[in-house]
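Report on one structure; see the data block that follows.
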Amino acid sequence: MTVEELLVLGKQHLHSDQAKLLLATLLGKNPLELLSYLSEDVEEEIVLKYQKALEALSKGKPIQYALGTVNFYGLEFQVNENVLIPRFETEELVEHTISYIKQYFKEPISLIDLGTGSGVIGLTIKKKCPSVSVTLLDISEKALEVARKNSENLELDVTFQKGDMLEEVTQKYDVIISNPPYIMEEEEIEQIVKDNEPSLALYGGKDGLDSYRKILSRVKNCTKEKYLLAFEIGATQAEELTTLVEKMFPEDKIEVKKDLQGRNRMLFVFHHLV
Numbered sequence: 080m081t082v083e084e085l086l087v088l089g090k091q092h093l094h095s096d097q098a099k100l101l102l103a104t105l106l107g108k109n110p111l112e113l114l115s116y117l118s119e120d121v122e123e124e125i126v127l128k129y130q131k132a133l134e135a136l137s138k139g140k141p142i143q144y145a146l147g148t149v150n151f152y153g154l155e156f157q158v159n160e161n162v163l164i165p166r167f168e169t170e171e172l173v174e175h176t177i178s179y180i181k182q183y184f185k186e187p188i189s190l191i192d193l194g195t196g197s198g199v200i201g202l203t204i205k206k207k208c209p210s211v212s213v214t215l216l217d218i219s220e221k222a223l224e225v226a227r228k229n230s231e232n233l234e235l236d237v238t239f240q241k242g243d244m245l246e247e248v249t250q251k252y253d254v255i256i257s258n259p260p261y262i263m264e265e266e267e268i269e270q271i272v273k274d275n276e277p278s279l280a281l282y283g284g285k286d287g288l289d290s291y292r293k294i295l296s297r298v299k300n301c302t303k304e305k306y307l308l309a310f311e312i313g314a315t316q317a318e319e320l321t322t323l324v325e326k327m328f329p330e331d332k333i334e335v336k337k338d339l340q341g342r343n344r345m346l347f348v349f350h351h352l353v
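All residue numbers in the sequence shown are consecutive under this note's numbering, ending with 353.
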């Protein structure tokens, strides 16, 4: 089939802009470029992927799951229904954490990514900071399978561990980072997210802070003398979580960072680093 024939097919299922974006992504081109390739034949493998993705999208699946891949921090990761779809805010968490690692740590260090999902956080940091020893932890074996595949595709040597946050962790780390489940039980979220993404990775109890409590209760058993905690948080949770950290670690410095939309979406804890 040609590019033009595939676009015509796509418009029978989706808005023309969506169909164009989908095909352009599969072909590795800018959507605006497709008009220059209308008569070109498309490989059968791409045709089948396009048809499969069209069917998934028409049934209300997110485009990332339909494609099976997502770009995160300039790297390509596989995703499916067993892991969350990475958001822009998480890229910002990674960017700040990389900056702090370079600022405060001189020697090769160890880092654990809790609730790793597809592995985007820990694997991106490993890619950008090769000397960091990275462990990816998740309670879901299916999520760890996705993270393993991504580590193989990116040719990154990391450690995998199955567990519930820090409950079964015995090694000590310089950096603990996590984008844990933080949505409140009764909180309204987009229907497409609610219907497709794993609830285990979304909901954090009545107030959304259960996972943070789990992590913080074990921090002292799993960290070195100097350490950094890096969390993605819900937009309304900064004050309550800051209060919780202050009570548990009164001597530590806490820093809340805003995302590009001006919302409080990241919280960092510095122990003997500043």
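Glycine included, every Cβ here is placed at the ideal spot set by N, Cα and C.
Can you name the start and end residues of the beta strand (DSSP E) that residue i belongs to?
| i | result |
| --- | --- |
| D355 | Within the shown structure, residues of the chain are numbered from 80 to 353, placing residue 355 beyond reach of any answer. |
| D236 | No beta strand (DSSP E) holds D236; DSSP gives it neither H nor E. |
| K337 | K332 to K337 |
| V254 | Y252 to S257 |
| D192 | S189 to L193 |
Excluding sequence positions up to five away, which residues of its chain have a Cβ less than 7 Å from the Cβ of residue i?
| i | result |
| --- | --- |
| N229 | F156, Q157, S197, G198 and L202 |
| E220 | K241 |
| R227 | F239 |
What residues in its chain sit with their C-beta under 8 Å from that of residue i, if we drop five residues either side in the sequence?
| i | result |
| --- | --- |
| D253 | F184, I188, S189, L190, T302, K303, K305, Y306 and L307 |
| S137 | H92 and L93 |
| H175 | A309, K336, M345 and F347 |
| P277 | E160, N161, V162, L163, S219 and A222 |
On a Cα-Cα basis, can you pick out the residue from the options that is closest to residue i?
| i | options | result |
| --- | --- | --- |
| L346 | E318, V237, G153 and I218 | E318 |
| Y144 | F151, Y152, N161 and G153 | N161 |
| Q130 | L320, Y291, L88 and E246 | L88 |
| E122 | G107, A135, E112 and L111 | G107 |
| F328 | S95, S296, N343 and I256 | S296 |
| N343 | D331, A314 and T214 | A314 |
| D338 | E170, L288, K206 and V353 | E170 |
| Q316 | L288, F167, A309 and Q340 | L288 |
| H350 | V298, G341, I312 and K336 | V298 |
| D217 | L193, D331, A98 and I200 | L193 |
Where does residue i sit, in a helix, a strand or coil, going by DSSP?
| i | result |
| --- | --- |
| Y306 | strand |
| L245 | coil |
| L163 | coil |
| S210 | coil |
| D71 | There is simply no residue 71 to check, as the chain begins at 80 and stops at 353 in what is shown. |
| R344 | strand |
| E155 | strand |
| I312 | coil |
| I204 | helix |
| I218 | coil |
Sorted by chain position, which residues of the same chain lie with C-beta nearer than 6 Å to residue i's C-beta, five sequence neighbours on each side aside?
| i | result |
| --- | --- |
| S212 | S189 |
| I125 | L105 |
| I333 | T321, V324 and V348 |
| K181 | none |
| T238 | T214 |
| V248 | C301 |
| D243 | I218 |
For the alpha helix (DSSP H) that residue i lies in, which residues bound it at each end?
| i | result |
| --- | --- |
| T148 | Not the alpha helix (DSSP H): T148 falls in the beta strand (DSSP E), residues T148 to F151. |
| Q130 | E123 to S137 |
| V353 | Premise fails: V353 is in no alpha helix (DSSP H) and is neither H nor E. |
| Q97 | S95 to L106 |
| M327 | A317 to M327 |
| G89 | V82 to K90 |
>> Using 8 Å as the cut-off, can you tell me whether the segment 107-124 makes contact with the segment 81-97, which would need three or more C-beta pairs spanning the two stretches below that distance?
In response: yes
>> Three Cβ pairs or more, each shorter than 8 Å: is that satisfied between the segment 146-153 and the segment 228-247?
In response: no
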